[in-house]
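One structure below.
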RNA sequence: GGGCCCGUAGCUUAGCCUGGUUAGAGCGCCCGGCUGAUAACCGGGAGGUCCGGGGUUCGAAUCCCCGCGGGCCCA
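Numbering (the working numbering), first residue to last: 84 to 1089.
In structure tokens, the structure reads:
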């Protein structure tokens, strides 16, 4: 086996999968229980980044895991292709600034074609870098697409169901609009777009009617809303004071008076009268812009003081200006008091002609003019700036405008109980995220599903032109065609889109002409019907019934108010239950400083870049293991290599080591079955066999709770700590020894462990595991499955598990560490053997440690390992000792002549090994060694340990004397001596070793 | 204004639910060692008022209260 080259093996493995059609075989049902997964469709817009990869890696990991447990997995892909995100980008591409331009300059047909083209473009990208390249085996050939006619029908279907249940209604309501995109936004969308914004902060005097120099002082950050002002609100139970300012009387909340005075820079003022808010109720005032906006002259009942609980006494003046057309609370208050709901702002954020002098101005332009006019009139007390959090369009960043308009709604507030009940049947991971979801559902509001856009599912609502109160809701294409008196000649995928749908005319027996409401549907409802639309569920009823409700979904935490909600909402509307059983809510991926990834900051790590740089499996390992799934993930590129690549390297080399010796000795797992050697196991064999089964069991426990990071860490710790660092270190001498067939015991145990490890790793690092499956398992068992991913996972074999042994082993390893620490303190290398180590502990502990004496002795390189209960044993000055947790470990300090000789021999061995490596010799190749030292001790040691040295370095001859021609010679410093060591292949072995025939006596080494 | 979560070494974190050895890792840093799979690795060391204060308790990183700081969500 070659050294690990991650990207190369990934490429090979991808090719292997493609050639053998492994993913399709993996997805093919085999009669097991069903694990149905529902793909949260990525928006086909923008390039995937590591945040997307995190989610997709979880999906793949979970699916592979369950597939290996014997489940049939349903792994259909899906794409979210419509909506504002796509439109916004197409507008940029076409250089369009307003919606009107789309209609007039571009034309809807071309615009929709461009949307389709853009989707196609990004789809290819997502298929490659966010799917294929990371080994995600979703079925993309049969992926659902929200732009298809067959899909859109289900959005219609659910809307019609809502209509039948009287949950669909149209209403007049104040909503946030994006003036640039010219559409309303849902609550969830508003949530996504809060940003800092600098706004004007103005204090305005409203002149009290009939009062002499009496004013209501109001504060606002949106001067333009004063255009549609209809009232002023006060808190009914707050105290208000009358401030005397330069001969005028201003009404201000008492609590805020001091602050307001400061803010306005008033030098002398006094609170001359205090009265309760309720006493202000009914006071009439003059609209400050009455002259500029004629329509206010007709609002006889308006422009008065009302009381409202929502009035804030924390900021402003305690008197709130009310524009029922521009604030949700204002709207409710206005409706309650019969005020006119004035909204002279059009959907594009420009005032219409009713706004008098403000007609034709944008809201910002109007704000400036308002300030100017009020200033001239002497009604502007102060005009400052303020930075506050304000909602912006989540797609294009434009500040939102609240205005009243007619829209269509789903009456979700009526379904609160049903939603909560549905959620009861859902397992939410991690648990902490459940609260959020629950509280969102508990306070859910009606859902504005209409959007004034183009590239989306058309709202299937038609109005009778003869009687506007009559509504017809269409639930399928078939139904549409049944009522159609005029149909454009296009395929269904087009028919269900604007502009074609707009030319459809319907006729029924009771109405000759139905006209479609000019809206499209909120995209969240598109993806929200995926549970049925993805499989065309009404036509494929049997399949649908098997899948529903889906076993598992997972997305990031922002989808709580997005997809997780829209799925459960649509499903509850149609059938009253949740469409999924388990939901794993992931945290977001941030940059390494914990900042959000954004184009603006330039800190986005894109999928393509990351995969090319690190390889898919190191990235997967890192994403799966570094943080708990529900936590934010601080992505640090430097860590990927450190954490993942090195671990994979170790695992790879464990397999290399095993393969090398197994091959050398002609090991065959079929001939040398583990069962034959069970009676001959060494203690460390028993231990590693126990460990691998314990890890298997613990892994499964963690997976039940989706504690993915801990599960994966557990595996890697086992591979690196237990298997590589401990087990292989212990068994190396047994593998080298040719005296008995004990090495086959090691091979049998090791093979068992490695094969199990591979299966455990397969869902984590699928390419890497497959490469080892092919190179290692299929090498020794050619008739094994063609892919590790098509095999069944092994269950933990409880008969192999020995918890007490594992516990004691851990203690023994700790003792070996303590001894290493003692050596470190004494300055004696591990290479040098020591005469005796003593462990002092309680009888019970000693009894358990007894079988592990040789393990500790080998790891610590001591001749004799003494267990003693009597603490006095090593209290003499002859011992160096350390103590921890009731155990004392000590080491006999003296190095006698025999030990010294042995140590020198080992020093020689080590030098020869280095030279073997330099000569690139195979592990089995024999050599001849000649040693010439100016130290009598070294010479004596070589002579005395000649056989030992020969065995260790695989030499057919160890000669004392000057190396001759044909030897590679190096001069080494061994314990102050100059020792020249010559190494060569035996002449009988044939050809010369290139570059090693020249004797270089003077070369210094070591 | 309300809700939820978090605060442990320079950085990233485990432990907290279920109180009990000397608070455990990884990275980085310093010193040493090992190396017939590994451009790998191993050992040791320095570095912690477990955010602050109060309480409960024989005993608190852990449970309770208050405060400070941060994040997310809702209004």
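We put the CB at the ideal spot given by N, CA and C, even for glycine.
Rounded separation between residue 883 and residue 862 - CA only
Looking at the two C-alpha atoms, the distance is approximately 26 Å.
Output needed for residue 889: all residues of its chain with C-beta closer than 8 Å, excluding positions within five of it in sequence on either side, in chain order.
Excluding the 5 residues flanking it on each side, residue 889 has same chain C-beta neighbours closer than 8 Å at 770, 773, 774, 777, in chain order.
Check the DSSP bridge columns for residue 388 and list the partner residues they point to.
The partner list for residue 388 (beta bridge, DSSP) reads 315.
First through last residue of the beta strand (DSSP E) which encompasses residue 53
Residue 53 falls outside the range modelled here, since the chain spans only 84 to 1089, and no answer is possible.
Assign residue 690 to one of two classes, buried (16 or more other C-beta atoms within 10 Å of its C-beta) or exposed (fewer than that).
Taking all protein chains shown into account, residue 690 has 16 or more neighbouring C-beta atoms within 10 Å of its C-beta and is therefore buried.
How would you call residue 1079, buried or exposed, if buried means at least 16 neighbouring beta carbons within 10 angstroms?
Note that residue 1079 has pLDDT 36, beneath the 50 cutoff, so the model's placement of it is unreliable and no number is given.
Mind checking whether residue 192 and residue 468 have CB atoms under 8 Å apart?
Cβ distance not < 8 Å, so residue 192 and residue 468 don't count as in contact.
Pairing CB atoms from the stretch 289 to 301 with CB atoms from the stretch 367 to 377, are three or more of them under 8 Å?
Touching, yes, given that three or more Cβ pairs across the two stretches are closer than 8 Å.
Which residues DSSP lists as bridging residue 328, in chain order
Residue 328 is bridged to 331.
Considering only the beta carbon of each residue, do residue 945 and residue 767 sit closer than 8 Å?
Not closer than 8 Å, so no.
Cβ-based neighbour list, residue 96, same chain, cut-off 7 Å, excluding 5 preceding and 5 following
The beta carbon of residue 96 is closer than 7 Å to those of 850, 853, 854 in its chain, skipping five residues each way along the sequence.
Nearest-angstrom Cα distance between residue 333 and residue 299?
For residue 333 and residue 299, the distance between alpha carbons rounds to 6 Å.
Just how far apart, CA to CA, sit residue 561 and residue 507?
Straight-line Cα distance between these residues: approximately 36 Å.
Please state whether the Cβ-Cβ distance between residue 213 and residue 152 is less than 8 Å.
Their beta carbons are not under 8 Å apart, which means residue 213 does not touch residue 152 by this criterion.
Please say whether residue 285 and residue 375 have beta carbons closer to each other than 8 Å?
Taking 8 Å as the cut-off, the Cβ atoms of residue 375 and residue 285 do not count as close.
What's the call for residue 632, buried or exposed, on a 16-neighbour Cβ count within 10 Å?
Looking at its Cβ environment, which holds 16 or more other Cβ atoms inside 10 Å, residue 632 is buried.
Tell me the DSSP secondary structure of residue 321 in three-state form.
The answer is coil: DSSP assigns residue 321 none of H, G, I, E or B.
Do the CB positions of residue 233 and residue 572 come within less than 8 Å of each other?
It is not a contact, given that the beta carbons lie outside the stated cut-off.
Could you tell me which residues DSSP puts in a beta bridge with residue 993?
In the DSSP output, where bridge partners are listed per residue, residue 993 has none listed.
How long is the line joining the alpha carbons of residue 847 and residue 218, rounded to whole angstroms?
Going from the Cα of residue 847 to the Cα of residue 218 covers about 10 Å.
Residue range of the beta strand (DSSP E) that residue 1015 falls in?
Going by DSSP, residue 1015 is part of the beta strand (DSSP E) stretching over 1010 to 1016.
Exposed unless 16 or more other CB atoms sit within 10 angstroms - verdict on residue 497:
Per the 10 Å Cβ criterion, exposed.
Can you tell me whether DSSP reads residue 116 as helix, strand or coil?
Coil, per DSSP.
Report all residues from its chain with a CB closer than 7 Å to the CB of residue 947; omit the five preceding and five following residues, and keep chain order.
Within the same chain, residue 947 has close Cβ partners 918, 919.
With burial defined as no fewer than 16 other Cβ atoms inside 10 Å of the residue's Cβ, what is the status of residue 138: buried or exposed?
The residue in question, residue 138, is buried, as its Cβ has 16 or more Cβ neighbours within 10 Å.
Given a cut-off of 8 Å, decide if residue 241 and residue 656 are closer than it, judged by their beta-carbon atoms.
Taking C-beta atoms as the reference points, residue 656 and residue 241 count as a pair closer than 8 Å.
For the alpha helix (DSSP H) containing residue 692, name the first residue and the last one.
Counting along the chain, residue 692 sits inside the alpha helix (DSSP H) bounded by residues 690 to 697.
With a threshold of 8 Å, are at least 3 pairs of Cβ atoms found where one atom belongs to the stretch 258 to 273 and the other to the stretch 353 to 366?
No, the stretch 258 to 273 is not in contact with the stretch 353 to 366.
Helix, strand or coil, according to DSSP, for residue 109 in the structure here?
Helix, per DSSP.
Cutoff 7 Å; reference residue 810; Cβ partners in own chain excluding five residues on either side:
Once the five neighbours on either side are set aside, the close Cβ partners of residue 810 are 767, 771.
Mind checking residue 186: buried by the 16 CB within 10 Å criterion, or exposed?
The residue is exposed, with fewer than 16 neighbouring Cβ atoms inside 10 Å.
According to DSSP, simplified to helix, strand and coil, what is residue 966?
The DSSP-derived three-state label of residue 966 is strand.
Which residue or residues does DSSP assign as beta-bridge partners of residue 948?
Answer is 920.
Can you tell me the Cβ-Cβ gap for residue 539 and residue 598, rounded? I've got them flagged as a contact below 8 Å.
In fact, because the Cβ distance is near 19 Å, the residues do not count as touching under 8 Å.
To which residues of the same chain is residue 569 closer than 6 Å at the C-beta, ignoring the five residues directly before and after it?
The residues are 588.
Can you tell me whether residue 909 is buried or exposed, with buried defined as 16 or more other CB within 10 angstroms of its CB?
Classification for residue 909: exposed.
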